[in-house]
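What follows is a short report on a single structure.
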Amino acid sequence: MKNIKIIQAPLAGISDMIYRKLVREKSSETLLTTEMISSEALVNNQKTLIIKHDKSEYPLSFQLSGHKTHIMAAAAKFLNKYANCIDINFGCPVNKVVKGTDGAALMRNPKLAADIVKAIKDVIDVPLSAKFRLGWSLDEINFVDFAKTLENAGVDFITIHARTRSQMYSGKADWEKLAQLKGEIKIPYFANGDIKSVQDAINCLKISGAQGISIGRGLIGNPCLAWHIEHYLNSGEILRELTLDEKIEILKKHIEGEIDLRGEVNGIKFMRKFYNFYISSVKDASKYRQVLVRLENKKEILKVLDEILSLHIANTR
Ligand SMILES: Cc1cc2nc3c(=O)[nH]c(=O)nc-3n(C[C@H](O)[C@H](O)[C@H](O)COP(=O)(O)O)c2cc1C
């Protein structure tokens, strides 16, 4: 875990095994992360697709959400045998989650957050990390104190999404604020929020002073970004962006993978949220997306993708 510089951030409804393997294909060093797993659901034996994984993904972190200390510990103990790392979600802003006092709500209850960390730490032997935000709101910024509390409780590293809970996903991630952590904690911190290119990663590392970065939305439709950043960090060279045919090639693999995992009907439905991201560079992308999301058959989808590519090539000649 020592040399990790890039974390693929957890994305509920997106970062399943197929998605993660697309990131892993080119990037051997990125720490992959599952979607947030409800500790209650896991302990109540609802072992769904969410925990499905493959050893080829390692290093792989499993992210847990919840607020009941003993349930979080039981879930972590169960996952310990599969995981290279366990991550705790102290940052999810959505109402459904914070109303149940999970996710970012725990930033307002550092004592309980620390108790959760200690309880998990007692029952696992893999590294433990935590992911959180700057604070609840701009009036309640407490990430430095929260980081210290979690460090004292035993977490091995942290990731901070440089927005508050109230900001949700609006505005810009404030990488500069994260530099306040320098000299305050001994454990590594990873900066998260709005990293969509190699240049963003370079800027974010410099501005935040973080030891690494965590990328969420920037990998959707562009899983090679992790490889490009990894390559830059190892060699100083910036690789060219993927061409449309390379992106469509990856999209086809994504579709095939989801169909294998979920069956044709559910796999095709699941893929609908991704088309926009893969074909965003195409003229009339939203028109094509509208066509793609209505299709229910793999053959037809692949045919439309080939048509998009041919038209794009013809248009750019
Ligand atoms: C659709 C979606 C699902 C997310 N699911 C999770 C999650 O399960 N756990 C978590 O800690 N954060 C989750 N996040 C937050 C991201 O991990 C990340 O912190 C945030 O998107 C900012 O980083 P980015 O700009 O690189 O995407 C989610 C974000 C989005 C947009």
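In the numbering used here, the protein residues as written are -13 to 303. Just so it is clear, CB atoms sit at the ideal spot from N, CA and C, and this is done for glycine as well.
- Taking each of 67, 258, 205 in turn and checking the Cα distance to residue 18, the smallest one comes out for 205.
- Here residue 161 is not near residue 13, since their CB atoms are 7 Å or more apart.
- Distance check between residue 107 and each of 89, 140, 121 places 140 closest, using alpha-carbon atoms only.
- A distance below 6 Å between beta-carbons, with the five flanking residues on each side excluded, links residue 244 to the following residues of its chain, in chain order: 4, 253, 256, 257.
- Taking residue 79 as reference, the option from 237, 119, 68, 72 with the minimal CA-CA separation is 119.
- At a threshold of 6 Å, residue 201 counts as near ligand 1, since its beta carbon sits closer than that to one of the ligand's heavy atoms.
- Rounded to whole angstroms, residue 111 and residue 131 show a C-alpha spacing of 26 Å.
- Every alpha helix (DSSP H) of 4 residues or more that sits fully in the segment 145 to 183 is shown, in chain order, as 161 to 164.
- Residue 79 has its CB no nearer than 6 Å to any heavy atom of ligand 1.
- With respect to the C-alpha of residue 174, the residue from 70, 75, 137, 286 having the closest C-alpha is 137.
- Of the candidates 224, 54, -7, -4, 54 places its Cα closest to the Cα of residue 101.
- If you check the CB distance, residue 21 and residue 45 do not come in under 7 Å.
- CA-to-CA, the gap between residue -11 and residue 176 works out to about 12 Å.
- Counting only runs of 4 or more residues that sit fully inside the segment 185 to 227, the alpha helix (DSSP H) segments are 211 to 221, in chain order.
- Within the segment 35 to 105, the beta strand (DSSP E) runs of at least 3 residues that lie entirely inside it are, in chain order, 46 to 51, 71 to 76.
- By the Cβ neighbour-count rule, residue 302 is exposed, with fewer than 16 other Cβ atoms within 10 Å of its own.
- Ranking 63, 83, 127, 94 by CA distance to the CA of residue 105 puts 63 first.
- When secondary structure is reduced to three states using DSSP, residue 249 falls in the coil class, being assigned neither helix nor strand.
- Around the beta carbon of residue 291, a 10 Å sphere encloses 16 or more other beta carbons of the protein chains shown; the residue is thus reported as buried.
- In the displayed model, residue 276 falls within a helix according to three-state DSSP.
- For the pair residue 16 and residue -8, the CB atoms are nearer than the 7 Å cut-off.
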